[in-house]
Amino acid sequence: MLYGGQGTVQTAIASGTPIVGFAMQPEQQINLDNVVMKGAGIRIPINRWNAPKIQLAIRNIIKDTSYKENINTLKKLLESSDGKKNSALAIWDYIINKLN
Numbered sequence: 056m057l058y059g060g061q062g063t064v065q066t067a068i069a070s071g072t073p074i075v076g077f078a079m080q081p082e083q084q085i086n087l088d089n090v091v092m093k094g095a096g097i098r099i100p101i102n103r104w105n106a107p108k109i110q111l112a113i114r115n116i117i118k119d120t121s122y123k124e125n126i127n128t129l130k131k132l133l134e135s136s137d138g139k140k141n142s143a144l145a146i147w148d149y150i151i152n153k154l155n
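Residue numbers (my numbering): 56 to 155.
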């Protein structure tokens with residue numbers, strides 16, 4: 056369960072953990088909606104936060120194995136993107152081409 060900030064969504068994806076999310080800010084809602092569109096989690100709208108809805112979402116995440124399969128697909132995509140290397144290359148490109 057998380058609020059849907061960029062860091063927590065990336066951490067959940069990196070660990071292969073399906074998401075039950077509660078957005079408090081617009082960017083969190085967008086992040087969670089993207090996870091939902093990929094079938095890797097459930098977003099509970101702010102006007103529906105209550106114990107029965109939360110329990111149902113958790114039960115669905117546990118019972119329906121497609122959430123785990125879909126988050127693992129995202130995990131593999133994240134791992135294959137080589138973000139560290141690409142970030143370092145982008146920084147060097149900026150330093151060399153923009154600051155010289």
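Built from N, CA and C at the ideal position, the CB exists for glycine as well. Note that the structure is predicted; figures quoted are calculated from it, not measured.
query: How would you write the range of the alpha helix (DSSP H) that R114 sits in, first residue to last?
result: 106–118
- request: Check whether the Cβ atoms of N125 and G94 sit closer than 8 Å, and answer yes or no.
  value: yes
task: Find the nearest neighbour of N115 within the set W104, T66, P73, judged by alpha-carbon distance.
output: In terms of Cα proximity to N115, the closest of W104, T66, P73 is P73.
- prompt: In chain order, what residues of the same chain lie with their CB nearer than 6 Å to the CB of I97, ignoring the 5 residues before and after it?
  reply: Apart from sequence neighbours up to five positions away, the residues of its chain that approach I97 with a beta-carbon distance below 6 Å are V75, A112, ordered along the chain.
Spatial neighbours of I99 in its chain, beta-carbon cut-off 8 Å, leaving aside the 5 residues before and after: V75, G76, F77, K108, I109, A112
field: Under the three-state DSSP convention, the category G62 falls into
entry: If DSSP states are grouped into helix, strand and coil, G62 belongs with the helices.
query: To which residues does DSSP link V90 through a beta bridge?
result: V90 is not bridged to any residue.
- prompt: Cβ of K140 versus every heavy atom of the ligand NAP: is any distance shorter than 7 Å?
  reply: With respect to the ligand NAP, the structure offers nothing, as it holds no ligand at all.
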